[in-house]
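Quick note: the sequence shown uses our numbering, first residue 1, plus one each step.
Where is the CB? At the ideal position from N, CA and C, for every residue including glycine.
Small disclaimer: the values here were computed from a predicted structure and weren't measured.
A quick write-up on the structure given underneath.
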Amino acid sequence: MSTRTIERDIGSLQLAGVPIYADHGVTGGYSILREYSLPPLNLSAAESLAVLAGLALLESSPYQGAARRAHAKIAAVMDEEHWAPVQEILGRMQVIDAVAPEDGAVPLGMLSDVIAARRVVRLTYLGEDLATSTVRDVETMGLLRAGDAWLLSGWCRLRDAIRGFRIERITRLEVLDEVPPPRDPALLEADLARWPTRRLG
């Protein structure tokens, strides 16, 4: 293993937020907290490409921050022989994001926190004409990927029904202290039955 490989891997891990410490002295080196150590990943070149390409697709999603950190960690432990060919193929891949966020749209990374909070949110939402907006209290349920857009799904108290809100048209979002009442899961399943969906887990 070359010095360049070690320095590259340490730099990638540090960029990913992993606390790596330099130990000084004759027997010095680098140390990492035990809870951050992982068993070795033995991914083939094709598996590495699939994982890194999949994480890159999340760049325009509510999970972009976590995807970037995971990308750095996977890249740091790739086999040296796979590094160059995988990076070459990734460099030739392009993603066309057909829907750009509106000016003033809520930051994408905030949405994953909203889902985890499981509380009522108050959002300002642009209509299809992008000129009018409504303020709604929504009991968040999850995220949907519909064609070229991500949607925040939830029980809309304005419409008294489940709705999907295109995240690029959410211009303001406030997490309220209220914990929503339980909703019948069958309501969400019935609504999703209208869409050709597939579960991701």
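Problem set entry | A161 burial status per 10 Å Cβ neighbour count (16 or more: buried) | Within the sequence shown, numbered from 1, the residue matching residue 161 stands at position 161. By the 10 Å Cβ count, A161 comes out exposed.
Problem set entry | For G11, the first and last residue of its enclosing alpha helix (DSSP H) | In the sequence shown, residue 11 corresponds to position 11, counting from 1. First-last of the alpha helix (DSSP H) with G11: T3 to L15.
Problem set entry | Cβ neighbour criterion (16 or more within 10 Å) applied to L13 | One-based indexing of the sequence shown puts residue 13 at position 13. So L13 counts as buried.
Exercise. If we call anything under 9 Å between Cβ atoms a contact, is E174 one with R122?
Worked result: Residue 174 sits at position 174 when you count from the first residue of the sequence shown. Residue 122 sits at position 122 when you count from the first residue of the sequence shown. Yes, these two residues count as a Cβ contact at 9 Å.
Problem set entry | Distance, V179 Cα to G28 Cα | Taking the first residue of the sequence shown as position 1, residue 28 is located at position 28. Taking the first residue of the sequence shown as position 1, residue 179 is located at position 179. Looking at the two C-alpha atoms, the distance is approximately 51 Å.
Problem set entry | Stretch-stretch touch, CB-based, cutoff 8 Å, three pairs: the region 68-80 with the region 108-118 | no
Problem set entry | Cβ-based neighbour list, T5, same chain, cut-off 7 Å, excluding 5 preceding and 5 following | Numbered from 1 along the sequence shown, position 5 holds the residue referred to as residue 5. Around T5: E80.
Exercise. To which residues of the same chain is G142 closer than 6 Å at the C-beta, ignoring the five residues directly before and after it?
Worked result: Counting from one through the sequence shown, the residue named residue 142 turns up at place 142. Within the same chain, G142 has close Cβ partners S153.
Exercise. For the alpha helix (DSSP H) that contains A22, what are its first and last residues?
Worked result: Position 22 of the sequence shown, counting from 1, holds the residue named residue 22. A22 -> not in any alpha helix (DSSP H); beta strand (DSSP E) instead, spanning I20 to D23.
Exercise. Does the distance from the C-beta atom of A131 to that of M93 stay below 9 Å?
Worked result: Reading the sequence shown from its first residue, position 131 is the one you call residue 131. Reading the sequence shown from its first residue, position 93 is the one you call residue 93. Contact flag unset, no.
Problem set entry | L151 burial status per 10 Å Cβ neighbour count (16 or more: buried) | Counted from its first residue, the sequence shown places residue 151 at position 151. Buried, since its Cβ has 16 or more Cβ neighbours within 10 Å.
Problem set entry | Per-residue burial, G201 [other beta carbons within 10 Å of its own, 16 or more giving buried] | Here residue 201 refers to the residue found at position 201 when the sequence shown is read from its first residue. In this prediction, G201 scores a pLDDT of 47, lower than 50, which makes its location untrustworthy; the coordinate-derived value is nonetheless stated afterwards. Under this definition G201 is an exposed residue.
Exercise. Mind checking Y21: buried by the 16 CB within 10 Å criterion, or exposed?
Worked result: One-based indexing of the sequence shown puts residue 21 at position 21. When all chains shown are included, Y21 counts as exposed.
For this session: Return the CA-CA distance between P182 and R68, expressed in angstroms with no decimal places.
Result: On the sequence shown, position 182 is the one that residue 182 refers to. On the sequence shown, position 68 is the one that residue 68 refers to. The alpha-carbon atoms of P182 and R68 are separated by roughly 34 Å.
Problem set entry | Option in T124, A46 and L33 with minimal Cα separation from E88 | Reading the sequence shown from its first residue, position 88 is the one you call residue 88. Cα-wise, what sits closest to E88 is A46.
Exercise. In whole angstroms, what is the alpha-carbon distance linking L144 and S60?
Worked result: Residue 144 sits at position 144 when you count from the first residue of the sequence shown. Residue 60 sits at position 60 when you count from the first residue of the sequence shown. Those two C-alpha atoms are separated by around 13 Å.
For this session: May I ask which residues mark the beginning and end of the alpha helix (DSSP H) holding E168?
Result: Indexing the sequence shown from 1 puts residue 168 at position 168. Counting along the chain, E168 falls outside any alpha helix (DSSP H), and DSSP gives it neither H nor E.
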